[in-house]
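Here the working numbering = 1-based position in the sequence shown + 71. The beta-carbon is built from N, C-alpha and C at its ideal position, and this holds for glycine as well. Given the structure is predicted, the values throughout are model-derived calculations rather than measurements.
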Amino acid sequence: MNTTKSGLKFSIIAAILYFGALQSPLIPILVLGYLIMTESNESVGKLVSQAVTVLLLVWLVDGGYDLISAFVIFLNSIVGNGYLHMPYALTNFVSVVLDAVLFIFGVLALTGRYAGISLGTIEKAVQKVQQNVKQSDGDKGDTKQ
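In structure tokens, the structure reads:
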């Protein structure tokens, strides 16, 4: 299992990122900053890129929903109280789904798969893309008129 210079396993750090995001966005930002500043290993780069992708997607969905909610409140202030509102069940559903996503990725991180993607899967995908690029480069030379 890969470890950092401080001796922590990458899976533990990834779990801290995702479980910490359930509490506050400051926790994963600080942990990611620490990793970027202190570690130079390629595995850390993969961990950081996967964590940043997942966290940004979750935070963008949450921010988009908050923006829509603020717009509805603004319209409600123009139209009058009681006409427009965000359904309470929808607000709770979005919150639960986003927390569930972070929790699932945290559990997957504890199993060593970081963001739910094993390193072998990433390497296979990269190899397939490289093979497709080589094949498409070979096809371009055959289309002379």
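For residue i: DSSP bridge partner residues
i, result
"Thr-74", "Lys-80"
Beta-carbon proximity of residue i to residue j, cut-off 8 Å
i, j, result
"Glu-103", "Leu-88", "A small correction: the amino acid at residue 103 is Leu; Glu does not occupy that position in the sequence shown. Contact flag set, yes."
"Ala-180", "Ala-85", "yes"
"Gly-183", "Phe-90", "no"
"Val-129", "Val-165", "no"
C-alpha distance - residue i paired with residue j, whole-angstrom precision
i, j, result
"Ser-95", "Val-204", "42 Å"
"Ile-107", "Ile-83", "16 Å"
"Ser-98", "Gln-198", "Here the sequence assigns Ile to residue 98, which means Ser is not the residue at that position. Near 35 Å, if we compare the C-alpha coordinates of Gln-198 and Ile-98."
"Tyr-136", "Gln-206", "43 Å"
"Phe-81", "Ser-120", "13 Å"
"Pro-158", "Val-150", "17 Å"
"Ile-100", "Gln-202", "36 Å"
Interface flag, residue i vs chain D, CB-CB below 8 Å
i, result
"Ala-180", "This model lacks chain D altogether; it includes just one protein chain."
- Query: Which parts of the stretch 85 to 158 are runs of the alpha helix (DSSP H), unbroken and 4 residues or longer, counting only runs that do not cross its ends?
  - Reply: 97 to 109 and 113 to 150, all fully within the stretch 85 to 158.
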